[in-house]
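**Q** Following our numbering, the numbering of the sequence shown begins with 402 at its first residue and continues without gaps.
We put the CB at the ideal spot given by N, CA and C, even for glycine.
My questions all concern the structure below.
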Amino acid sequence: MLADEILEMLSEEISKNEVNNYISQLKFNEKSSNSDEVTFTAPNDLLAKYIQTRFSDKIAYLYEVKTGIKPKVNIKSTKSKITTKFRDKDIDVKQIKTQSSLLNPSYTFENFVVGNSNQFAFISAKEAAKNPGKVYNPLFIYGSTGLGKTHLLHSIGNHCLDAEKTVIYVTSEQFMGDFIRNLENKTMPKFKEKYRNCDVLLIDDIQFFSKSEAIQEEFFHTFNELYDKKSQIVMSSDKPPKMLRSFEERLKSRFEWGLMADITPPELDTKIRIIKAKCDFDTIELNSDIIEYIATNMGDNIREIESAIININAFANIMRQEITLEFAKNVIRDQIKDRKENIDLESIIECVSKEMNIKPSEIKSKNKSKNIVEARRICIYLAKTLTPNSMPQLANHFGLKDHSAVSHNIRKINEIIKNDSYFKTRVEELKNKITSKE
Ligand code: ADP
Ligand code: MG
Numbered sequence: 402m403l404a405d406e407i408l409e410m411l412s413e414e415i416s417k418n419e420v421n422n423y424i425s426q427l428k429f430n431e432k433s434s435n436s437d438e439v440t441f442t443a444p445n446d447l448l449a450k451y452i453q454t455r456f457s458d459k460i461a462y463l464y465e466v467k468t469g470i471k472p473k474v475n476i477k478s479t480k481s482k483i484t485t486k487f488r489d490k491d492i493d494v495k496q497i498k499t500q501s502s503l504l505n506p507s508y509t510f511e512n513f514v515v516g517n518s519n520q521f522a523f524i525s526a527k528e529a530a531k532n533p534g535k536v537y538n539p540l541f542i543y544g545s546t547g548l549g550k551t552h553l554l555h556s557i558g559n560h561c562l563d564a565e566k567t568v569i570y571v572t573s574e575q576f577m578g579d580f581i582r583n584l585e586n587k588t589m590p591k592f593k594e595k596y597r598n599c600d601v602l603l604i605d606d607i608q609f610f611s612k613s614e615a616i617q618e619e620f621f622h623t624f625n626e627l628y629d630k631k632s633q634i635v636m637s638s639d640k641p642p643k644m645l646r647s648f649e650e651r652l653k654s655r656f657e658w659g660l661m662a663d664i665t666p667p668e669l670d671t672k673i674r675i676i677k678a679k680c681d682f683d684t685i686e687l688n689s690d691i692i693e694y695i696a697t698n699m700g701d702n703i704r705e706i707e708s709a710i711i712n713i714n715a716f717a718n719i720m721r722q723e724i725t726l727e728f729a730k731n732v733i734r735d736q737i738k739d740r741k742e743n744i745d746l747e748s749i750i751e752c753v754s755k756e757m758n759i760k761p762s763e764i765k766s767k768n769k770s771k772n773i774v775e776a777r778r779i780c781i782y783l784a785k786t787l788t789p790n791s792m793p794q795l796a797n798h799f800g801l802k803d804h805s806a807v808s809h810n811i812r813k814i815n816e817i818i819k820n821d822s823y824f825k826t827r828v829e830e831l832k833n834k835i836t837s838k839e
C-alpha cells in the first residue's frame, strides 16, 4: 500500500529510535483519506501532536515525490481523551518544526559550520552558487550519509533563488518519478522544457538512479543541454563517480568534467561547533558536558546528532524536567545502544592496527613490547566504550586472564588520557574513525 511505502521511505531518513518511538505507532486511516488529504492515527493525543509537528511536512513531501500531488497530512489520535497529564500546548511546537517546502530555507551557507572535513565542499558550493555555470560545472559532492550534502545543495539553491535564477532541486528518485509520469501521460515535452530550461539543476542522492536505459538516455541529454547552455549542474552522491554502478561510462566521465568535492566525517571540534550552532538555532540550552557527551558518543551522522538534541529537548518539555547530563544520557541511551551494536571488536582492532602500524595478530598476542601493549590497551578501552561487550567477554577476546586484567588496562588508558592531551586527541580520532564506518 502507498501509505506503507511512504512510511518506509520516511523511516529510511530518520533514526531507528524515532521509527520505533513514533512512526511505527502510526496507522493509516483509509476512510478519511483521498488524494488531497491523508490521515494517520496515533495511539494518543500527545504522540499525534508530536508526530504532526515533527513529521507531517516530510510525509506530505514524500507523497509529492511519489505521486506528484502534495496532500494535507493529518495525524489524529485514536483516543479522544489525552492519556498523559499534560496537554498539547505543553509541547513547544516551534522547536520541533521541520522542513516545509522543497528547498529548506534554513539550509543556507550561513547555517553551515565549516571545518577541515567539509571545507573544500563548502567553498566549491559557495563559488558555484555565486557564479553558476561559470566555474565549477558540474559540481559533484560526495560523502557518507548525514554529513551535509543535502544542506549544501539547498544552500546553493537558496542563494541562486535570491539571485532570481530558475532553480530545480530534485532527488534522483523524484527525477525518475517525474520522467515516468510524463512518459505515461505523453507529456514528455513538458518534462524536457522543465529540466532543460533551468539555470541551476540540483540532483540529490544520484546513487539511487536507475539503470533503465530510457532514463539514462534522458538524463544524458538533459545534462548535455544544460552543460552547453552553461547552466549549473550540481549532484550529490554517497560515493565518487567512478564507483557508481548504475551509470553508463559516458555519464560517469561527464560527472568528472567539473569539480569533485568530498565531505569526510567531522572532527570532534567541528562536531561540537555544529551541536552548539543547532542549539542556538533552536534555542535549546545544553551545557558543555552534555554537548561533549553527544559529540563523543553519537557518531558522525549529523542527522542523528540533531535528532538526539531534539529528543532531549522535547522530552524535557514534555516531562517538565531540567536537562542534566543524566537526563540527556537516559533519553539518548537507545540511540547510542543501537549504534554500539553495529560495531564489532575486529573492526576496532583493524582500525587501531592500521593507525599504529601494528599487526592485528600482535594486538591479540601476549607480546609485552611497549608499543604493542599500548595498542592492545587502546583497543580494549575503545571496545569497552564503543561496544556492549562485558569485561569477561573482552578478557576472552583479547586473551587476558580475567575481567580485572581488563579493568587494569582501561584504568591505565584513562590515566594517560587525563594527563596527555595529545594522546587524548589521538584516541578521540580513532574513536571517530571506527564509528564513522558504515
Ligand atoms: P546528507 O545529505 O549528506 O545525508 P544532510 O545535508 O541531510 O546530509 O545533513 C543532515 C543534517 O545535518 C541536516 O539537518 C544538516 O543541516 C545538518 N548538517 C550537516 N552538516 C552540517 C554542518 N557542517 N553545519 C551545520 N549543519 C550540518
Ligand atoms: Mg542528503
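1. Under the criterion of a Cβ to heavy atom distance below 7 Å, does Leu687 qualify as lining ligand 1?
2. Which residue's Cα is closest to the Cα of Pro590: Thr623, Phe610, Asp563 and Leu602?
3. Which value, in whole angstroms, describes the spacing of the CA atoms of Val346 and Ala696?
4. Beta carbon of His552: closer than 7 Å to some heavy atom of ligand 1?
5. CB Asn790 to CB Ile737, shorter than 8 Å?
6. Tell me the DSSP bridge mates of Asp442?
7. Determine whether the beta carbon atoms of Gln608 and Lys640 lie at a separation below 8 Å.
8. Using only the alpha-carbon positions, how far apart do Arg674 and Val514 sit?
9. With hydrogens ignored, establish whether the beta-carbon of Asp605 is closer than 7 Å to any heavy atom of ligand 2.
10. In the DSSP assignment, find the unbroken alpha helix (DSSP H) run with Asp884 in it and report its ends.
11. Residues in its own chain within less than 7 Å of Lys428 by CB, not counting five upstream and five downstream?
12. Does Gly720 come out as helix, strand or coil in the three-state DSSP assignment?
13. What runs of the alpha helix (DSSP H), each 4 residues or longer, lie entirely inside the region 527-568?
14. The alpha helix (DSSP H) spanning Met577 covers which residue range?
15. By the three-class DSSP mapping on this structure, what secondary structure does Ile692 have?
16. Drop a sphere of 10 angstroms on the beta-carbon of Ile750, count the other beta-carbons inside from all chains shown, and report buried for 16 or more, exposed for fewer.
17. If I'm right that Ile569 touches Leu540 with Cβ under 8 Å, what's the distance once you round it to whole angstroms?
18. In this structure, what does DSSP give as the bridge partners for Gln633?
19. What's the gap between the Cα of Glu511 and the Cα of Lys550?
20. Might you give, ordered along the chain, the residues of its own chain that have their beta carbon closer than 8 Å to the beta carbon of Ile372, omitting 5 neighbours on each side?
21. Which residues does DSSP list as the beta-bridge partners of Asp663?
22. Out of Pro472, Pro667 and Tyr423, state which residue places its alpha-carbon closest to the alpha-carbon of Asn517.
23. Is the beta carbon of Val571 within less than 7 Å of some heavy atom of ligand 1?
24. With a CB to CB cut of under 6 Å and the five nearest residues on each side skipped, what residues in its chain are close to Asn820?
25. Thinking C-beta only, is Asp606 closer than 8 Å to Ser638?
26. To which residues of the same chain is Lys566 closer than 7 Å at the C-beta, ignoring the five residues directly before and after it?
27. Assign Pro506 to one of two classes, buried (16 or more other C-beta atoms within 10 Å of its C-beta) or exposed (fewer than that).
28. Between Ala796 and Ala784, how many whole angstroms is the CB-CB distance? I'm expecting something under 8 Å.
29. Excluding the 5 residues flanking Val355 on each side, which residues of the same chain have their C-beta closer than 7 Å to its C-beta?
30. On the DSSP bridge assignment, give the partners of Tyr570 in chain order.
31. How is Ser822 classed by DSSP in three states: helix, strand or coil?
32. Express the C-alpha separation of Gly547 and Ile407 in angstroms, rounding to a whole number.
33. Suppose only complete runs of 4+ residues qualify. What are the alpha helix (DSSP H) ranges in the region 755-794, listed by chain order?
34. If we count the other Cβ atoms within 10 Å of its Cβ and call it buried at 16 or more, is Lys679 buried or exposed?
35. Among Gly469, Ser478 and Glu431, which has the Cα closest to the Cα of Tyr423?
**A** On the basis of the coordinates in this document:
1. Numbered from 1 along the sequence shown, position 286 holds the residue referred to as residue 687. No, the beta carbon of Leu687 sits no closer than 7 Å to any heavy atom of ligand 1.
2. Against the sequence shown, residue 590 aligns to sequence position 189. For the set Thr623, Phe610, Asp563 and Leu602, the Cα lying nearest the Cα of Pro590 is the one of Thr623.
3. In the structure as shown, the chain starts at 402 and stops at 839, and residue 346 therefore has no counterpart that could be examined.
4. Position 151 of the sequence shown, counted from the first residue, corresponds to residue 552. His552 Cβ: within cutoff of ligand 1.
5. Counting from 1 along the sequence shown, the entry for residue 790 is found at position 389. Counting from 1 along the sequence shown, the entry for residue 737 is found at position 336. A distance of 8 Å or more separates the beta carbons of Asn790 and Ile737.
6. For the purposes of this step, residue 442 is taken as the residue at position 41 of the sequence shown. Here residue 442 is Thr; the residue named in the question, Asp, does not match the sequence. Bridge partners of Thr442: Lys428 and Lys477.
7. Stepping through the sequence shown from its first residue, residue 608 is reached at position 207. Stepping through the sequence shown from its first residue, residue 640 is reached at position 239. Contact: yes.
8. The sequence position of residue 674 within the sequence shown is 273, counting from 1. The sequence position of residue 514 within the sequence shown is 113, counting from 1. Each residue's alpha carbon lies about 7 Å from the other.
9. Position 204 of the sequence shown, counted from the first residue, corresponds to residue 605. Yes, the Cβ of Asp605 comes within 7 Å of a heavy atom of ligand 2.
10. Outside the displayed span of the chain (402 to 839) sits residue 884, for which this structure offers no information.
11. Indexing the sequence shown from 1 puts residue 428 at position 27. If we look at Lys428 and ignore the five residues flanking it on each side, its Cβ neighbours are Phe441 and Thr442.
12. For the purposes of this step, residue 720 is identified with residue 319 of the sequence shown, where counting begins at 1. The residue asked about is misnamed: residue 720 is Met in this sequence, not Gly. Correct three-state label for Met720: helix.
13. DSSP runs (the alpha helix (DSSP H)) wholly in the region 527-568: 550-563.
14. By 1-based counting over the sequence shown, the position of residue 577 is 176. Ser573 to Glu585 is the span of the alpha helix (DSSP H), which, as asked, contains Met577.
15. Here residue 692 corresponds to residue number 291 of the sequence shown, with the count starting at 1. When secondary structure is reduced to three states using DSSP, Ile692 falls in the helix class.
16. On the sequence shown, residue 750 is found 349 positions in, with the first residue counted as 1. Under this definition Ile750 is a buried residue.
17. For the purposes of this step, residue 569 is identified with residue 168 of the sequence shown, where counting begins at 1. For the purposes of this step, residue 540 is identified with residue 139 of the sequence shown, where counting begins at 1. About 15 Å; that fails the 8 Å criterion.
18. Within the sequence shown, numbered from 1, the residue matching residue 633 stands at position 232. Bridge partners of Gln633 according to DSSP: Val601.
19. To locate residue 511, count along the sequence shown from 1; it is residue 110. To locate residue 550, count along the sequence shown from 1; it is residue 149. Rounded to whole angstroms, Glu511 to Lys550 spans 15 Å at the Cα level.
20. There is simply no residue 372 to check, as the chain begins at 402 and stops at 839 in what is shown.
21. Locating residue 663 in the sequence shown gives position 262, where the first residue counts as 1. Answer is Tyr543, bridged to Asp663.
22. On the sequence shown, residue 517 is found 116 positions in, with the first residue counted as 1. Of the listed residues, the one whose Cα sits closest to Asn517 is Pro667.
23. Within the sequence shown, numbered from 1, the residue matching residue 571 stands at position 170. It does not: the Cβ of Val571 is nowhere closer than 7 Å to a heavy atom of ligand 1.
24. Walking along the sequence shown from the start, residue 820 turns up at place 419. Same-chain partners within the cutoff: there are none.
25. Taking the first residue of the sequence shown as 1, we reach residue 638 at position 237. Taking the first residue of the sequence shown as 1, we reach residue 606 at position 205. Against a cut-off of 8 Å, the Cβ pair of Asp606 and Ser638 comes out as a contact.
26. In the sequence shown, counting from the first residue as 1, residue 566 sits at position 165. Pro533, Asp600 and Val601.
27. Reading the sequence shown from its first residue, position 105 is the one you call residue 506. Exposed.
28. What you label residue 796 is simply residue 395 of the sequence shown in a count that begins at 1. What you label residue 784 is simply residue 383 of the sequence shown in a count that begins at 1. So it is not a contact: roughly 11 Å between Cβ atoms.
29. With the chain represented from 402 up to 839, any question about residue 355 goes unanswered, as that position is not in the structure.
30. By 1-based counting over the sequence shown, the position of residue 570 is 169. Tyr570 has Leu603 as its beta-bridge partners, per DSSP.
31. Taking the sequence shown and counting its residues from 1, the one referred to as residue 822 is at position 421. Helix, per DSSP.
32. As a first step, residue 407 is located in the sequence shown; it is residue number 6 there, counting from the start. As a first step, residue 547 is located in the sequence shown; it is residue number 146 there, counting from the start. One alpha carbon belongs to Ile407, the other to Gly547, and they sit about 20 Å apart.
33. If one requires a minimum length of 4 residues, the alpha helix (DSSP H) runs lying completely within the region 755-794 are 761-764 and 771-787, in chain order.
34. Start at 1 with the first residue of the sequence shown, and residue 679 comes out as number 278. Buried.
35. Mapped onto the sequence shown, residue 423 falls at position 22. In this structure, Ser478 is the residue among Gly469, Ser478 and Glu431 with its C-alpha nearest to the C-alpha of Tyr423.
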